[in-house]
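In my numbering, the protein residues as written are 10 to 169.
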Ligand code: MG
């Protein structure tokens, strides 16, 4: 088995949709980034790449490449899963924590889990998503940005 961790942070800006775990969440602001800036999915991608020993999302999908401009991060995750399979591994489970002062994501978590699990080719119960605020403290508390942490366990395909 292999484990990996991922962390990501994006700035909140006006005039962009807020996309988290592949779901467009209604909010006054969205996240700034070259892709759709889905911070939750980026953290998961980095956790998986970390477990594979394959570096990070910036190496595989550079933000200087126009191919990735505005791309759905779910497409990036699907690509990461392909790389994982080429390493002979698949997702055992993943646990993701979103750190945001607002909005509340609980109404959307079930849909996010289904989208991420589908991309990871595992049942939704293998993907856990939880959220916390910083009690108003720091740049997250003042709603300048949103962060996400993820850990994942990879298991060998041949062990299944
Ligand atoms: Mg990112």
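C-beta atoms are modelled at their ideal positions from N, C-alpha and C, and glycine is treated no differently.
Can you give me the C-alpha to C-alpha distance between residue i and residue j, rounded to a whole angstrom?
i	j	result
residue 43	residue 149	20 Å
residue 213	residue 54	What the structure shows of the chain is the stretch from 10 to 169, and residue 213 is not part of that stretch, so it cannot be assessed.
residue 22	residue 154	8 Å
residue 73	residue 67	10 Å
residue 157	residue 36	17 Å
residue 31	residue 125	7 Å
residue 109	residue 141	6 Å
residue 107	residue 139	6 Å
Which same chain residues end up closer than 6 Å to residue i when comparing Cβ atoms and leaving out the 5 residues on each side of it in sequence?
i	result
residue 80	44
residue 17	48, 51, 52 and 157
Kindly indicate which three-state DSSP category residue i falls into: helix, strand or coil?
i	result
residue 48	helix
residue 159	strand
residue 109	coil
residue 131	coil
Using a Cβ-Cβ cutoff of less than 7 Å, which residues in the same chain neighbour residue i once the five nearest sequence positions on both sides are dropped?
i	result
residue 90	128, 129 and 130
Sorted by chain position, which residues of the same chain lie with C-beta nearer than 8 Å to residue i's C-beta, five sequence neighbours on each side aside?
i	result
residue 26	33, 39 and 45
residue 24	39
Could you check if residue i is buried or exposed, using at least 16 other CB atoms within 10 Å of its CB as the buried criterion?
i	result
residue 15	buried
residue 122	buried
residue 95	exposed
residue 10	exposed
residue 62	exposed
message = Is it the case that the stretch 133-145 contacts the stretch 100-113, given that we only count it when at least three CB pairs across the two stretches are under 8 Å?
response = yes
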